[in-house]
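Asker: Residue numbers for the sequence shown follow my numbering, so the first one is 35 and each next one is one higher. For glycine and all other residues, C-beta sits at the position ideal for the given N, C-alpha and C. Input: one structure, supplied below.
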Amino acid sequence: GFNVADKAFVSFDNNLIVVGHNSLCDVITPSTNFISKIDANGTVLFNSVYSVEFQGFPYNDRPRTALQYSDSSYFTFTDSLLIKHSKTGQFISKTNLGLSEISSSLLLSNGAILLSAKHTGSNSLVTLTANGLISSTTAFPALLTKMVYYGIVALDCH
């Protein structure tokens, strides 16, 4: 297989963060995802690969969106999972949010995370705490693919 970039954004220190998946035949085996940090010269500062299995069940699911948290750690989101990474991209934890079709994320000034996703089958804006707990859900007419905050845009790579 080969790595496929799904999303990219600029980190707080002006480096490029790329999240993606390995295109290995995921029908047969669970896929892996990655998070990489690349400087302006193209030097890879870190590249961390992690499994998208959850509680022993394969989640053949690529990153849908990602963000850098205020403490410089990283969060990636698949269709329904929240994956926390350290400042150097190392895997910390996975949480099944009980959502589906997570399409975009945004770090709010109060430290909460805003997601565009389906909650109980309906398009919603979902607010999470930093611990991955849902604090509020608001019905919304569509799933958003890009959310802008203070001029920072998460880019779609497909």
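In whole angstroms, give me the CA-to-CA distance for residue 85 and residue 52.
Answerer: Taking the sequence shown and counting its residues from 1, one reaches residue 85 at position 51. Taking the sequence shown and counting its residues from 1, one reaches residue 52 at position 18. Each residue's alpha carbon lies about 16 Å from the other.
Asker: Exposed or buried, what is residue 116 when buried is set at 16 or more other beta-carbons lying within 10 Å of its beta-carbon?
Answerer: The sequence position of residue 116 within the sequence shown is 82, counting from 1. That one is buried.
Asker: Looking only at its chain, what residues have a beta carbon closer than 7 Å to the beta carbon of residue 78, apart from the 5 residues adjacent to it on each side?
Answerer: Along the sequence shown, read from residue 1 onward, the residue named residue 78 stands at position 44. Closer than 7 Å at Cβ, skipping near neighbours: 70, 72.
Asker: Per DSSP, what kind of secondary structure is residue 167 in: helix, strand or coil?
Answerer: Here residue 167 corresponds to residue number 133 of the sequence shown, with the count starting at 1. Looking at residue 167 - three-state DSSP - the assignment turns out to be coil, as it is neither helix nor strand.
Asker: Among 74, 167, 148, which residue has its Cα nearest to the Cα of residue 159?
Answerer: Here residue 159 refers to the residue found at position 125 when the sequence shown is read from its first residue. Nearest C-alpha to residue 159: 148.
Asker: Mind checking residue 175: buried by the 16 CB within 10 Å criterion, or exposed?
Answerer: Locating residue 175 in the sequence shown gives position 141, where the first residue counts as 1. So residue 175 counts as exposed.
Asker: What does the alpha-carbon distance come out to for the pair residue 152 and residue 171?
Answerer: Position 118 of the sequence shown holds residue 152. Position 137 of the sequence shown holds residue 171. Roughly 10 Å between the two C-alpha positions.
Asker: Taking the runs of the alpha helix (DSSP H) that are 4 residues or longer, which of them lie wholly in the segment 92-128?
Answerer: You should have found no qualifying run.
Asker: Roughly how many whole angstroms lie between the Cα atoms of residue 21 and residue 67?
Answerer: Given that the chain is displayed from residue 35 to residue 192, the structure contains no residue 21 and the question cannot be resolved.
Asker: When DSSP builds the beta bridges, which residues end up paired with residue 145?
Answerer: The residue labelled residue 145 in the question sits at position 111 within the sequence shown. In the DSSP output, where bridge partners are listed per residue, residue 145 has none listed.
Asker: Have a look at residue 38 and residue 110 and give me their C-alpha separation to the nearest angstrom.
Answerer: Here residue 38 is taken as the residue at index 4 of the sequence shown, counted from 1. Here residue 110 is taken as the residue at index 76 of the sequence shown, counted from 1. The straight-line gap from Cα to Cα measures roughly 15 Å.
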